[in-house]
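**Q** First the structure, then my questions, so here it is.
Chains as they are written, first to last, in our numbering: chain A, 19 to 258; chain B, 1148 to 1390.
Following this line, the structure appears as structure tokens:
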């Protein structure tokens, strides 16, 4: 069974086709990166997969459930860490975790919060208000919150955008630890991030999924020296 | 339970914003105190009339700050996160509304406490006036949800201030509307703020003749219309903001 199974997914905004007939299968426990230039359609695709917007046509099955018919059930097994830090600014880190645990109806809140505190080393900031934390800490808290409901599927939208190299490497470690247990769909503009973390990478351009494979398969396919060159070659159709 | 969980979060966000506390509680308390020192020879400034006026004035800041919270939530990624969670639209609307009720009760307790110190006679009607003001507050909360759903966080300041000004000038809290002319008087009658003030004033003073049927009709009509509009527009904006 696939964690995500997408058939002929299309999204139109009036006359503009943002996503054009995508077919995609993502295995359980896989870390899948979705890459593309600005306006390629990856954000719209992620929004449809996470149930934020409805497709114009096509089907999305999440853990074999239909995203339209079983929206409520699906919402209980997925979580999203949006691009901008998604935390309540005037609440402490602990209160943020408690609030989101309440949203998902987690029964043993304290146990779950303790577990996440240990996993993300949050003890030193637990009682600090979220708005007083540095960007790196806020991002870390935001990702910790996204694991509050033990999601089967996790969407990470540009998780390390704007972070310094140390904070980025630290988050890579956390994301790497999720591999195998949770199906992760990652969007990023950092090629080395996609290459280092992903099992497979999908590349989008003009609303279409134009290539798909492991980082090494994509490098081999384009005879490129590295993944960044492979990406450029695929997106430009080999013109650059 | 999700709505209560959300309400708890909203309450903490509002109560921890010092600016919101200053305008919702400190400023009305200051006005209540200072106008009693001037000994203005007008019935409007008698404690039994001016305390309900201050309550309605305080409610206008509830509109201002609730609209800011909602607009801020709408544009932040927090609402994207919540939109992918099992929360329903009703959880948001009721969660926002319920979170403001304790603040309105705190306002009332403090306003009446100061009024009692300044000389307002204690009566059981004070309790009834608190309940009446909670009912009246539904209009102000719905206005906050509507404004917060319609415009950006920056614009909520401007629109919220218009509500504050309308309350000041059209509720009859500072001067009798008849003193300004027929047209102005008709505008005051058509807007809901004078009715809000008359309802709380009538309940506090056990003077129900002061509450006209027209007051009840105007208040109820505005409340129902604004409430329905706020729910529809909030739902629509939740979808369109995520496009």
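Don't be surprised by glycine CBs; every beta carbon is placed ideally from N, CA and C.
#1: By Cβ distance, which residues of its chain are closer than 7 Å to residue 1362 (chain B), with the 5 residues on each side in sequence left out?
#2: Which one or two residues does DSSP pair with residue 40 (chain A) in a beta bridge?
#3: So what's residue 1166 (chain B) in DSSP terms, helix, strand or just coil?
#4: According to DSSP, is residue 220 (chain A) part of a helix, a strand, or is it coil?
#5: Please determine if the stretch 1288-1304 of chain B and the stretch 1196-1215 of chain B are in contact, where contact requires at least 3 C-beta pairs separated by less than 8 Å.
#6: Mind checking if residue 1231 (chain B) is an interface residue toward chain A, Cβ cutoff 8 Å exclusive?
#7: Taking all protein chains shown into account, do 16 or more other C-beta atoms lie within 10 angstroms of the C-beta of residue 1279 (chain B), making it buried, or fewer, making it exposed?
#8: Is it the case that the stretch 107-119 of chain A contacts the stretch 1265-1272 of chain B, given that we only count it when at least three CB pairs across the two stretches are under 8 Å?
#9: Measuring alpha carbon to alpha carbon, tell me which of B:1354, B:1316, B:1349 ends up nearest residue 1137 (chain B).
#10: Taking residue 1227 (chain B) as the query, report the chain A residues whose CB atoms sit under 8 Å from its CB, ordered along the chain.
#11: At what residues does the alpha helix (DSSP H) containing residue 1180 (chain B) begin and finish?
#12: What would DSSP say about residue 1192 (chain B), mapped onto helix, strand or coil?
#13: Helix, strand or coil: which one does DSSP assign to residue 144 (chain A)?
#14: Since I believe residue 212 (chain A) is in contact with residue 260 (chain A) (beta carbons under 8 Å), could you give me their beta-carbon distance rounded to a whole number of angstroms?
#15: Would you mind sorting residue 1251 (chain B) into buried or exposed? The rule is 16 or more other CB atoms within 10 Å of its CB.
#16: Any C-beta of chain A sitting closer than 8 Å to the C-beta of residue 1160 (chain B)?
#17: Do residue 1262 (chain B) and residue 1198 (chain B) count as a contact pair if the criterion is CB distance below 8 Å?
#18: Just to confirm, are residue 1232 (chain B) and residue 87 (chain A) a CB contact at a threshold of 8 Å?
#19: Given that a residue counts as buried once 16 or more other Cβ atoms are within 10 Å of its Cβ, and exposed if not, what is residue 1179 (chain B)?
#20: Candidates A:98, A:239, A:37: which alpha carbon is nearest residue 255 (chain A)'s?
#21: Tell me whether residue 201 (chain A) is buried or exposed, calling it buried when 16 or more other Cβ atoms sit within 10 Å of its Cβ.
#22: Assign residue 63 (chain A) to one of three DSSP states: helix, strand, or coil.
#23: Please decide whether residue 1234 (chain B) counts as near chain A, where near means a Cβ-Cβ distance under 8 Å.
#24: Using 8 Å as the limit for Cβ to Cβ distance, is residue 138 (chain A) near chain B?
#25: DSSP state of residue 85 (chain A), grouped into three classes?
#26: Once you ignore the five residues that flank residue 122 (chain A) on each side, which residues in its own chain have a CB closer than 8 Å to its CB?
#27: Could you tell me the boundaries of the beta strand (DSSP E) in which residue 1263 (chain B) lies?
#28: How about residue 1301 (chain B): is its C-beta nearer than 8 Å to some C-beta of chain A?
#29: For residue 195 (chain A) and chain B, any beta-carbon pair shorter than 8 Å?
#30: Residue 1283 (chain B) lies in the alpha helix (DSSP H); which residues open and close that run?
#31: Nearest-angstrom Cα distance between residue 241 (chain A) and residue 232 (chain A)?
#32: Determine, for residue 1224 (chain B), whether the minimum Cβ-Cβ distance to residues of chain A falls below 8 Å.
#33: Any beta-carbon of chain B closer than 8 Å to the one on residue 94 (chain A)?
#34: Is the distance from the Cβ of residue 217 (chain A) to the Cβ of residue 252 (chain A) below 8 Å?
#35: Pick from B:1189, B:1209, B:1339, B:1226: whose alpha carbon is nearest that of residue 1255 (chain B)?
#36: Is it buried or exposed for residue 1379 (chain B), if we count other Cβ within 10 angstroms and need 16 for buried?
**A** In terms of the structure at hand:
#1: If you number the second chain from 1, residue 1362 (chain B) lands on position 215. Same-chain partners within the cutoff: 1342, 1345, 1346.
#2: Along the first chain, one-based indexing puts residue 40 (chain A) at 22. Partner(s): A:27.
#3: Residue numbering aside, residue 1166 (chain B) sits at position 19 when the second chain is read from its first letter. The answer is helix: DSSP assigns residue 1166 (chain B) an H, G or I state.
#4: Along the first chain, read from residue 1 onward, the residue named residue 220 (chain A) stands at position 202. The answer is strand: DSSP assigns residue 220 (chain A) an E or B state.
#5: yes
#6: Position 84 of the second chain, counted from the start, is the residue given in the question as residue 1231 (chain B). It does; some Cβ of chain A falls within 8 Å.
#7: Against the second chain, residue 1279 (chain B) aligns to sequence position 132. That one is buried.
#8: No, they do not touch.
#9: Examination of residue 1137 (chain B) is not possible in this model, given that chain B is present from 1148 through 1390 alone.
#10: The residue labelled residue 1227 (chain B) in the question sits at position 80 within the second chain. Ordered by position in chain A, the residues that pass the 8 Å Cβ test against residue 1227 (chain B) are 70, 98, 100, 104.
#11: Position 33 of the second chain, counted from the start, is the residue given in the question as residue 1180 (chain B). Looking at the DSSP string, the run of the alpha helix (DSSP H) that includes residue 1180 (chain B) is 1174-1184.
#12: Your numbering for residue 1192 (chain B) matches position 45 in the second chain. Reduced to three states, the DSSP call for residue 1192 (chain B) is helix.
#13: Translated into the one-based positions of the first chain, residue 144 (chain A) becomes position 126. If DSSP states are grouped into helix, strand and coil, residue 144 (chain A) belongs with coil.
#14: The requested residue 260 (chain A) does not occur in the structure, where chain A is confined to residues 19 to 258.
#15: To locate residue 1251 (chain B), count along the second chain from 1; it is residue 104. Burial call: buried.
#16: Position 13 of the second chain, counted from the first residue, corresponds to residue 1160 (chain B). With 8 Å as the cut-off, residue 1160 (chain B) counts as an interface residue toward chain A.
#17: Position 51 of the second chain holds residue 1198 (chain B). Position 115 of the second chain holds residue 1262 (chain B). Closer than 8 Å, so yes.
#18: Locating residue 1232 (chain B) in the second chain gives position 85, where the first residue counts as 1. Locating residue 87 (chain A) in the first chain gives position 69, where the first residue counts as 1. No; because the gap between Cβ atoms is not below 8 Å, this pair is not in contact.
#19: To locate residue 1179 (chain B), count along the second chain from 1; it is residue 32. So residue 1179 (chain B) counts as buried.
#20: Mapped onto the first chain, residue 255 (chain A) falls at position 237. Closest option to residue 255 (chain A), Cα to Cα, is A:239.
#21: Position 183 of the first chain holds residue 201 (chain A). Its Cβ being crowded by 16 or more others within 10 Å, residue 201 (chain A) is buried.
#22: Counted from its first residue, the first chain places residue 63 (chain A) at position 45. Residue 63 (chain A) falls in the helix class under three-state DSSP.
#23: As a working mapping, residue 1234 (chain B) is identified with position 87 in the second chain. Taking Cβ atoms only, chain A reaches closer than 8 Å to residue 1234 (chain B), which makes this a yes.
#24: Within the first chain, numbered from 1, the residue matching residue 138 (chain A) stands at position 120. No, residue 138 (chain A) lies away from the interface with chain B (no Cβ there is under 8 Å from its Cβ).
#25: For the purposes of this step, residue 85 (chain A) is taken as residue 67 along the first chain, with counting starting at 1. Three-state DSSP puts residue 85 (chain A) in coil, outside helix and strand.
#26: Position 104 of the first chain, counted from the first residue, corresponds to residue 122 (chain A). Correct list, in chain order: 94, 166, 167.
#27: Counting from one through the second chain, the residue named residue 1263 (chain B) turns up at place 116. Looking at the DSSP string, residue 1263 (chain B) is not in any beta strand (DSSP E); the run it does join, the alpha helix (DSSP H), is 1236-1265.
#28: The residue given as residue 1301 (chain B) occupies position 154 in the second chain. Chain A, which has no Cβ nearer than 8 Å to the Cβ of residue 1301 (chain B), makes this no.
#29: On the first chain, residue 195 (chain A) is found 177 positions in, with the first residue counted as 1. Residue 195 (chain A) does not count as touching chain B.
#30: Translated into the one-based positions of the second chain, residue 1283 (chain B) becomes position 136. Looking at the DSSP string, the run of the alpha helix (DSSP H) that includes residue 1283 (chain B) is 1272-1297.
#31: On the first chain, position 223 is the one that residue 241 (chain A) refers to. On the first chain, position 214 is the one that residue 232 (chain A) refers to. C-alpha separation (whole angstroms): 14 Å.
#32: Looking up residue 1224 (chain B) in the second chain gives position 77. For residue 1224 (chain B), the closest Cβ of chain A is nearer than 8 Å.
#33: Taking the first chain and counting its residues from 1, the one referred to as residue 94 (chain A) is at position 76. Yes, residue 94 (chain A) counts as interfacial toward chain B.
#34: Against the first chain, residue 217 (chain A) aligns to sequence position 199. Against the first chain, residue 252 (chain A) aligns to sequence position 234. No; because the gap between Cβ atoms is not below 8 Å, this pair is not in contact.
#35: The residue given as residue 1255 (chain B) occupies position 108 in the second chain. The candidate whose alpha carbon is nearest that of residue 1255 (chain B) is B:1209.
#36: Here residue 1379 (chain B) is taken as the residue at index 232 of the second chain, counted from 1. By the 10 Å Cβ count, residue 1379 (chain B) comes out exposed.
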